[in-house]
Ligand code: FES
Ligand code: FES
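Residue numbers (this note's numbering): 4 to 210.
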């Protein structure tokens, strides 16, 4: 492969793992953004005009938002369709695949089944919140180095679950890593490369 081609591949992989390359820009007409807010109140507030909607405040990747959402909206929908953070994927929409994994107050959750109103007053971390500018998070770097993905659909969920694992257990065994990521399915069956990525991420994160 020519050097130029290698460089392009490396750049596109980095962009992809930061959660940006597959952004669809899809917008929902039912959600109304109220803009950034200073803080995040804990309790959802009923809207004046429609009892089926609530105003909530939450922080996502360190940025505070106030949004007006239908009470039935999930956190995944809020992230993807309102805040345009499409690095979080929705595969099954029923707690089966782990593609939608994000952190809420430091705990990993399936955002496809968390009502957005339950995230009021919380701090949410998504794949877009890991890199610092152009510098990938060590976990993302490890996935690049080991090609820990094929189609990439499951990758943001795998990375968020890896982060949750390494936050509580910086030096996991391979069995512990397999167990921690058992809720993240990969339809490309890239599990060997994913496991190598997780073990390297553990080393990089401790360096
Ligand atoms: S989309 Fe949430 S677990 Fe599959
Ligand atoms: S890399 Fe394709 S689903 Fe995991």
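Each residue gets a CB set at the ideal place from its N, CA and C atoms; glycine is no exception. Remember, it's a predicted structure, so these values are computed and weren't measured experimentally.
Kindly provide the ranges of any beta strand (DSSP E) runs that are 3 or more residues long and lie completely inside the stretch 89–141, ordered along the chain.
DSSP runs (the beta strand (DSSP E)) wholly in the stretch 89–141: 104–107, 110–113 and 126–128.
Judging by CA-CA distance, which residue of 172, 198, 179 and 183 is the nearest neighbour of residue 112?
If you compare the alpha carbons of 172, 198, 179 and 183 with that of residue 112, the shortest gap goes to 183.
Between the Cα of residue 74 and those of 58, 203 and 128, spot the shortest distance and give me the residue it belongs to.
When each option's Cα is compared against that of residue 74, the closest is 58.
CA-CA distance, residue 69 and residue 181?
Cα-Cα distance, rounded: 37 Å.
Closest Cβ-Cβ distance between residue 84 and chain D: below 7 Å?
Here there is only one protein chain, and chain D is not present.
Specify the secondary structure class of residue 165 as computed by DSSP and reduced to three states.
Reduced to three states, the DSSP call for residue 165 is helix.
Answer with buried or exposed for residue 187, where buried requires no fewer than 16 other C-beta atoms within 10 angstroms of its C-beta.
Answer is buried; the Cβ neighbour count reaches 16.
Residue 174: beta carbon under 6 Å from a heavy atom of ligand 1?
Residue 174 Cβ: outside cutoff for every heavy atom of ligand 1.
On the criterion of 16 or more Cβ atoms from any shown chain inside 10 Å, does residue 209 qualify as buried, or is it exposed?
Exposed, since its Cβ has fewer than 16 Cβ neighbours within 10 Å.
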